Structures are given as C-alpha cells and as structure tokens.
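Student: The opening position of the sequence shown corresponds to residue 216 in the working numbering, with each subsequent residue numbered one higher.
Quick reminder that beta carbons are idealized off the backbone N, C-alpha and C, glycines included.
Quick caveat: nothing in here was measured; it's all calculated off a predicted structure.
Sharing a structure here in structure tokens format.
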Amino acid sequence: MNHAPLLRASLLLLGSAAPRAAQALALLAPGLALAQGQKLNGPLPTPGSGDVLSVQVSTDGARAVYRAVHFLPGGDSVRALTSAPLGGGSPVVLNTPLHDVLDFALAPAGGLVVYRAEHDSPSATELYSAPVDGSSASVRLNAPLGAGGEVSEFRISPDGSRVVFLANQASGQPLQLFGAPTDGSSAAVELDGALTPAFALNPGVPRFLLAGNTHVLFLVDALADDRRELFSAPLDGSAPPIQLTGPIFSSPEQYMAQHSFEFRVSADGARVVYRSDELVPPRDELLSVPT
C-alpha cells in the first residue's frame, strides 16, 4: 500500500507541531522509508552558484522545462533553458548556443516553449520559441531589434498558435504591440496600427489581454489628452484596431494610483469588463462591452 498520500495529508493537518508530527509518523506508517526523488536535471555547478531557478511541466505531462545556471568557459554564467523527460533520461538544452534566458512560458498546445533571451545581440532582449523536446533549433519571433531594444512582455493564445508581445525597436523608442505565430512560420506583424499604446500606469495591472484566440485588448491615448481608451485588434493583424470605449476615466489624474485601472476578459473572450467613471464622474462603476 502507498502510504504517501495519507502521510502528506496528515502532515498538512498537523501543521508545524513537530512533536505531534513525529507521533503521527510513528502511528500511521511505522517503519516507513520514503523513496528518494528522482533527479531530472543535468550536472550543476557548486551548490548556491548553480541552481534550478524555475520549472514548468509540458501539457502532455512528458517533460519538465526549467531554467538553471550554467557556467561558461572563462567563468561567466548564464541562465539556460533545459528540458528533461519526467520518466528519467538525458536533459537537453533548448537555447543553444548558451545565452541568458530571462523568462519562459509553455504553449498550451503544439509542444513549444516561448522565451525571452539575449541571444542574437547582447544588447537586445528578444523573443524565441523552441520545441520542448529539443528536436529542432530555436527560432526568433520578433524582427531584429536595435541596440537597447527589448521585448518586455508576451502572452500566448489559448490554442498555442500565436504570441502577442510588447517591444521597443531600440533604446528610447516607444513600445509597440506585435503578434506572431509561435512556431515562427511567418514574420511578426504590428497590431496597434498607427496608434501608440498607452499602457496601464499601475503595477500589477495587465498592459494588454488576449480575448480568446482571435483578439488582443489594449489601452490607447487616442485623443492625446492623457486619458485612455480601450481598443481591440485581431491577433493576426488582418484588420486595424477598433475602439471599444470612450475615455475610461474623466480626467487624467484619475489614472494614477488612487484610481487603478482594471480590465478583465470573459472566459470565452466575447466581452471585456472594466472599471470606469464614464456614466457619473467621478464615481467608479463596473461596465462591460463586447470585444
């Protein structure tokens, strides 16, 4: 009989009371020897200087994808992206040659991982994808960036086919919104058209959201009056953005911390919910429009 689930449940109930936990162990599973976990990652440098930093499990449950510190000849270190079979086997590095991976996300379908890294240029943070099993090389998803250019945020569509990302083309350039296939099969397209996105000012507020597999929602100061309106655009760039709302708040000052802007999309992607004082300024109310 496998006592591990019962043991874990008992420890959770007992909390931090160590003596009681020890008594419970003796009562529930006398002589129980817990199996040692199976190591999945490859060799790491000295403990404390080479660690596994973050991990996700592929949607098919077959592999773990993780970032870990690797040392290069000469003593420099990078955070490499690696994949390992959950059943045991040889790990494979996904970003070769080795370069620094800042973050990553697994596509919900298609067996791909999307990640930000300084790969083709040490002065630009760009967006890449690779098969989680390492069966082919990674591909760059954004157009080449100039010095200081950066992909700063990305989101993958629920079906895993496309990724939307914010990027500035070079240092000092404004952020723009782009979309691309996650497999890199065609070039990235700009989604905000002639508009310059005016993203949320408050920490923790999403700067853009996906509405299902078809549209992206984002804020724009279309009237250049320091207020924000909500816009929608197709993920494939097949049509220009359309305006969904008037100014979310009646005065520019209300976009600051005391009037934190929020918007959320329904599970089916059909409607967006947002806080606004557009009905009776300055009273914030909850409103909704189709996406």
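Beta-carbon within less than 6 Å of Pro-455's beta-carbon, same chain only, minus the 5 sequence neighbours each way: which residues are those?
Tutor: Against the sequence shown, residue 455 aligns to sequence position 240. So the list reads Gly-408, once near-sequence residues are dropped.
Student: With a 10 Å radius around its C-beta and 16 neighbouring C-beta atoms as the bar for buried, classify Glu-500 as buried or exposed.
Tutor: Counting from 1 along the sequence shown, the entry for residue 500 is found at position 285. Glu-500 should be labelled exposed.
Student: Locate the beta strand (DSSP E) running through Pro-394, then write down its first and last residues.
Tutor: Residue 394 sits at position 179 when you count from the first residue of the sequence shown. Looking at the sequence provided, one finds Gly at residue 394 rather than Pro. Looking at the DSSP string, the run of the beta strand (DSSP E) that includes Gly-394 is 391 to 396.
Student: Which of the three DSSP states, helix, strand or coil, is assigned to Pro-462?
Tutor: Residue mapping note: residue 462 aligns to position 247 of the sequence shown, counting from 1. Pro-462: coil per DSSP, three-state reduction.
Student: Leaving out five residues before and five after Ser-338 in sequence, what residues of the same chain have Cβ atoms less than 7 Å from its Cβ?
Tutor: The sequence position of residue 338 within the sequence shown is 123, counting from 1. The answer, listed in chain order, is Ala-362, Gly-363.
Student: Would Ser-298 pass as a contact of Asp-348 if the rule is Cβ separation under 8 Å?
Tutor: Counting from 1 along the sequence shown, the entry for residue 298 is found at position 83. Counting from 1 along the sequence shown, the entry for residue 348 is found at position 133. In contact: Ser-298 and Asp-348 (Cβ atoms closer than 8 Å).
Student: So Gly-399 and Val-354 are supposed to be a Cβ contact under 8 Å. How far apart are they, rounded?
Tutor: Taking the first residue of the sequence shown as 1, we reach residue 399 at position 184. Taking the first residue of the sequence shown as 1, we reach residue 354 at position 139. 4 Å between Cβ atoms; contact.
Student: With DSSP as the reference, label Pro-456 as helix, strand or coil.
Tutor: Translated into positions along the sequence shown, residue 456 becomes position 241. Of the three classes helix, strand and coil, the one that applies to Pro-456 here is coil, per DSSP.
Student: Quick one: is Pro-396 buried, meaning 16 or more other Cβ sit within 10 Å of its Cβ, or exposed?
Tutor: Position 181 of the sequence shown, counted from the start, is the residue given in the question as residue 396. By the neighbour-count rule (16 or more Cβ atoms within 10 Å), Pro-396 is buried.
Student: Under the three-state reduction of DSSP, which class applies to Pro-346: helix, strand or coil?
Tutor: The residue given as residue 346 occupies position 131 in the sequence shown. Residue state, collapsed to three classes: strand.
Student: Of the choices Ala-283, Gln-391, Leu-268, Gln-458, whose alpha-carbon is the least far from that of Asn-357?
Tutor: Translated into the one-based positions of the sequence shown, residue 357 becomes position 142. Per the Cα distances, Gln-391.
Student: Give me the Cα-Cα distance between Pro-449 and Arg-278, rounded to the nearest whole angstrom.
Tutor: Your numbering for residue 449 matches position 234 in the sequence shown. Your numbering for residue 278 matches position 63 in the sequence shown. For Pro-449 and Arg-278, the distance between alpha carbons rounds to 32 Å.
Student: For Asp-318, which of Ser-336, Leu-424, Thr-274, Tyr-343 has the nearest alpha-carbon?
Tutor: Your numbering for residue 318 matches position 103 in the sequence shown. For Asp-318, the nearest C-alpha among the options comes from Tyr-343.
Student: Of all the options Val-504, Pro-497, Ser-372, Gly-304, which has the alpha carbon lying nearest to the alpha carbon of Ala-322?
Tutor: By one-based count along the sequence shown, residue 322 stands at place 107. If we check each option's Cα against that of Ala-322, Ser-372 comes out closest.
Student: What are the boundary residues of the beta strand (DSSP E) that Gln-271 is part of?
Tutor: Within the sequence shown, residue 271 is the residue found at index 56, counting from 1. Segment 267 to 272, the beta strand (DSSP E) holding Gln-271.
Student: Tell me whether Ile-457 is buried or exposed, calling it buried when 16 or more other Cβ atoms sit within 10 Å of its Cβ.
Tutor: Along the sequence shown, one-based indexing puts residue 457 at 242. Ile-457 should be labelled exposed.
Student: Between Arg-498 and Phe-464, is the Cβ-Cβ spacing less than 8 Å?
Tutor: Start at 1 with the first residue of the sequence shown, and residue 498 comes out as number 283. Start at 1 with the first residue of the sequence shown, and residue 464 comes out as number 249. Not in contact: Arg-498 and Phe-464 (Cβ atoms no closer than 8 Å).
Student: In or out: Leu-296 buried (at least 16 other Cβ within 10 Å) or exposed?
Tutor: Locating residue 296 in the sequence shown gives position 81, counting from the first residue. Classification of Leu-296: buried, given that the 10 Å Cβ count is 16 or more.
Student: In angstroms, rounded to a whole number, what distance separates the CA positions of Leu-438 and Val-293?
Tutor: Along the sequence shown, one-based indexing puts residue 438 at 223. Along the sequence shown, one-based indexing puts residue 293 at 78. Going by the C-alpha atoms only, they are around 44 Å apart.
Student: In whole angstroms, give me the CA-to-CA distance for Pro-300 and Phe-446.
Tutor: For the purposes of this step, residue 300 is taken as residue 85 along the sequence shown, with counting starting at 1. For the purposes of this step, residue 446 is taken as residue 231 along the sequence shown, with counting starting at 1. About 42 Å.
Student: Considering only their Cβ atoms, is the gap separating Asn-310 from His-285 smaller than 8 Å?
Tutor: Your numbering for residue 285 matches position 70 in the sequence shown. Your numbering for residue 310 matches position 95 in the sequence shown. No, these two residues do not count as a Cβ contact at 8 Å.
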